[in-house]
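Protein chains in written order, with this note's numbering: chain A, 2 to 341; chain B, 7 to 153; chain C, 48 to 383.
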């Protein structure tokens with residue numbers, strides 16, 4: 002294990018930014034998001050949750066897929082280059098770090114999404130352990146250890162010192178590049194922090210939430226539950242939960258006429274929207290109840306059925322703090338559980 | 007060998023003209039052989055009231071450097087009251103653009119009747135000069151539309 | 048607040064029992080006392096988790112569009128619905144009636160008092176996190192957290208929109224829960240103060256300010272979907288034939304366009320209820336766009352408050368022959 006004083010952390014950022022693009026939780030306009038590092042950026046490693054999750058780094062909100070020009074019967078297609086430069090995402094929390102493996106199951110399974118794959122290959126994840134969880138956190142329900150996140154490098158911040166440990170080959174390579182700034186140390190401080198944090202996690206209010214009934218639950222029983230009726234009514238049909246969610250992975254593809262050609266791009270989409278999966282004949286989810294149910298059934302039933310029981314949620318709690326009418330996945334889990 | 011031509015900025019101006027007065031005014035300017043800048047692109051609308059604020063924004067998106075709307079003089083609207091509504095709409099919209107820090111001189115409303123071919127040509131000339139001085143529209147453009 | 052809740056539950060039960068209404072849109076308790084969700088309660092439901100506290104900020108008048116719709120061919124006729132309107136909500140209620148979006152006959156409106164609603168994010172911004180419980184106690188709010196207990200002045204937690212409160216008078220109701228609810232000691236901040244501050248800046252400064260704010264937009268549509276004035280059946284931004292439909296802002300232009308057009312579409316109908324800014328996950332001060340329109344229209348066309356009544360025409364659907372010319376814009380603002 003290595004360490005660096007938080008007073009010198011800027012030097013570490015600068016060192017990384019010298020050879021790689023570096024993304025960090027940076028405060029802009031009063032809110033914190035993952036942005037590329039700039040010299041006078043207001044880095045906020047202390048903030049637990051960026052508004053959007055770190056998935057942006059691999060699945061950007063919007064990206065161009067190709068361009069084309071049509072002249073008479075001739076179509077000229079111009080490919081957009083895949084990402085091929087290494088980049089570092091620094092300060093990823095345990096929940097977001099786990100979300101990447103969930104996204105992998107969708108995007109890296111056949112047929113592989115080459116845009117996503119290229120970013121995953123080039124991306125180095127420097128995760129940061131949590132020491133001050135929020136009341137909205139429930140990552141422990143998905144066997145995520147907030148004190149030991151998944152990542153190429155894992156860091157812990159304790160008493161003004163950042164502790165650094167490489168976990169993968171990519172992580173070791175990155176460590177070597179910045180080795181001159183790091184200092185070898187023992188794990189005592191980190192162990193202390195881990196123990197203290199685990200004690201807090203045990204006391205988190207959502208720790209007591211019952212999710213056992215969902216494991217191996219019958220899909221159609223959940224689907225047909227009458228409780229959806231009471232749950233969906235207040236839903237505004239906005240996309241806040243979807244867009245702040247680290248595991249939501251749906252996208253839409255659109256063509257934009259630039260006046261001198263066409264740009265085909267894809268962007269995030271939300272199953273809460275009325276025009277989600279709109280087809281020539283219309284849509285197959287005509288009511289908000291169906292759309293609302295789709296989102297939660299996907300995370301709690303369809304996804305686990307197709308992925309060895311892994312839920313499509315990492316318990317980051319963003320939907321809890323961001324939903325305009327405070328409806329969220331934990332309320333759904335609790336209500337559906339109830340006396341089923 | 008290719009010689010890089012240094013292009014001088016010629017603004018692109020979109021003019022929404024109402025069918026009954028201003029478009030006829032433009033016609034008159036034409037038939038009277040009055041000169042007005044060739045980079046003014048006229049879009050004929052049934053009434054100034056037809057101009058939706060989205061039209062103005064989309065003109066900027068597609069590369070316009072200035073947008074001018076022309077209609078019948080207040081009181082002379084072919085549909086009696088259309089331009090009175092348009093007047094309020096454009097005033098509030100232009101004020102909002104200014105509030106967002108977008109140069110207010112890039113937008114203008116001018117009332118031009120069917121008999122005012124001279125005024126039409128003069129207005130367009132003056133507006134084109136204003137936009138020429140302001141330079142390219144950078145604040146309200148869509149990068150995808152740039153060549 | 049606790050006493051009001053008791054009073055409210057008794058009133059609701061009375062109205063349900065005597066058949067005045069057959070259901071009520073109320074507030075359902077969540078996990079943390081601040082995550083209150085609007086929910087429909089009927090006579091048979093338990094009111095144990097019915098809540099009325101400082102976090103019931105959501106403006107419920109928009110739900111009435113759906114709830115008072117004529118029933119479909121196979122649906123049974125529904126009775127009246129009880130809606131609980133805070134003073135500011137009653138403006139949106141009126142406005143929706145004016146726009147024929149709510150069937151007034153199918154609603155029983157109960158005016159509930161409000162002394163300013165609270166914003167849990169204010170606590171978070173103070174560095175108070177791990178919130179387990181919040182207790183309102185007069186002028187103070189006691190907060191229980193994972194990291195120790197805190198006490199904060201209630202006035203420091205008031206939602207921004209409540210700082211410019213329209214007052215404790217309901218403009219529409221069938222009955223008032225507390226007829227003589229006293230005026231609360233609200234902030235005397237002028238609601239246009241922030242708009243004026245922006246107007247005094249140079250165009251460049253204003254541009255930078257709005258870029259820094261609007262570039263945060265994730266286009267989640269929360270502002271639009273929560274807005275009682277945004278009641279179109281299909282929004283222009285969802286209409287594939289409009290040419291501007293998009294699900295995500297592809298660039299700066301779309302960020303600007305979405306918010307300019309949304310604010311413009313509700314201009315003259317926006318009651319300044321402030322829901323847009325309350326729900327924005329990025330805390331973009333969207334109300335400053337709406338207030339700019341309100342301020343301009345007040346100054347140019349005379350004072351107008353949308354939702355004050357159900358008849359008066361809004362400033363953008365009316366005119367006078369002597370209205371200011373658009374060129375007036377050139378002589379207003381910070382850098383004339």
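Where is the CB? At the ideal position from N, CA and C, for every residue including glycine.
Interface flag for residue 239 of chain A against chain C is set, since a Cβ pair is found closer than 8 Å. With 16 or more other Cβ atoms from the protein chains shown falling within 10 Å of its own Cβ, residue 82 of chain C counts as buried. The C-beta distance from residue 267 of chain C to residue 240 of chain A rounds to 4 Å, short enough to fall under 8 Å. In the DSSP assignment, residue 6 of chain A forms a beta bridge with A/162. Here residue 23 of chain B carries a strand assignment [DSSP, helix/strand/coil]. Chain A has a Cβ within less than 8 Å of the Cβ of residue 259 of chain C. Per DSSP, the continuous alpha helix (DSSP H) segment holding residue 105 of chain B begins and ends at 88-105. Neighbours of residue 97 of chain B across chain C, judged by C-beta separation under 7 Å: 347, 371, 373, 375 and 376. By the rule that beta-carbons nearer than 8 Å mark a contact, residue 127 of chain C does not touch chain A. Taking 8 Å as the threshold, the shortest C-beta distance from residue 303 of chain C to chain B falls below it.
Chain B has a Cβ within less than 8 Å of the Cβ of residue 257 of chain A. Looking at C/281, C/96, C/247 and C/252, the one whose alpha-carbon comes closest to that of residue 79 of chain C is C/96. In this structure, DSSP gives residue 124 of chain A an extended state, which the three-state scheme calls strand. Separation of residue 40 of chain A and residue 52 of chain A (C-alpha to C-alpha, rounded to the nearest whole angstrom) is 22 Å. In this structure, the alpha-carbon of residue 228 of chain C lies about 56 Å from that of residue 127 of chain A. For residue 317 of chain C, the number of other beta carbons within 10 angstroms of its own is at least 16, and it is reported as buried. Taking a Cβ-Cβ threshold of 9 Å, none of the residues of chain A is close to residue 358 of chain C; the smallest such distance is about 29 Å. DSSP places residue 37 of chain B in the helix class (H, G or I) of the three-state scheme.
Sequence-distant partners of residue 339 of chain A (beyond 5 residues in either direction) whose C-beta falls short of 8 Å from its own C-beta, in its chain, are 228. When DSSP states are grouped into helix, strand and coil, residue 108 of chain C belongs to the helix group. Among the bridge pairs identified by DSSP, residue 65 of chain A is matched with A/266. Under a 10 Å Cβ-count criterion, residue 155 of chain A is classified as buried, with 16 or more other Cβ atoms of the shown protein chains found around its own Cβ. Runs of the beta strand (DSSP E) spanning 3 or more residues and lying entirely within the stretch 23-104 of chain A occur at 32-37, 63-72, 75-80 and 88-93, in chain order.
Residue-level contact check: residue 293 of chain A does not touch chain C, since none of the beta carbons of chain C fall below 8 Å from its beta carbon. Between the alpha carbons of residue 253 of chain A and residue 63 of chain A lies a distance of about 10 Å. Scanning C/323, C/368, C/329 and C/375 for the CA closest to the CA of residue 346 of chain C turns up C/375. Residue 79 of chain B and residue 339 of chain C have their C-alpha atoms some 28 Å from each other. Only residues of its own chain outside the window of five on either side were considered, and among them 89 have a CB closer than 6 Å to the CB of residue 83 of chain B, listed in chain order. Our two residues, residue 169 of chain A and residue 19 of chain B, have alpha carbons roughly 58 Å apart in a direct line. Contact between the stretch 286-304 of chain C and the stretch 185-201 of chain C is absent: fewer than 3 CB-CB pairs across the two stretches fall below 8 Å. Judged by DSSP in its simplified three-state form, residue 13 of chain A adopts helix. Residues 55, 126, 127, 128, 129, 150 and 152 of the same chain have their beta carbon placed closer than 8 Å to that of residue 93 of chain A, with the five preceding and five following residues left out of the count. Within its own chain, the residues whose Cβ lies closer than 7 Å to the Cβ of residue 336 of chain C, once the five positions on either side in sequence are excluded, are 306 and 310, listed in chain order.
In the DSSP annotation of this structure, residue 136 of chain C is not part of any beta strand (DSSP E); the continuous alpha helix (DSSP H) holding it starts and ends at 134-145. DSSP lists C/88 and C/129 as the beta-bridge partner residues of residue 71 of chain C. Taking all protein chains shown into account, residue 48 of chain B has 16 or more neighbouring C-beta atoms within 10 Å of its C-beta and is therefore buried.
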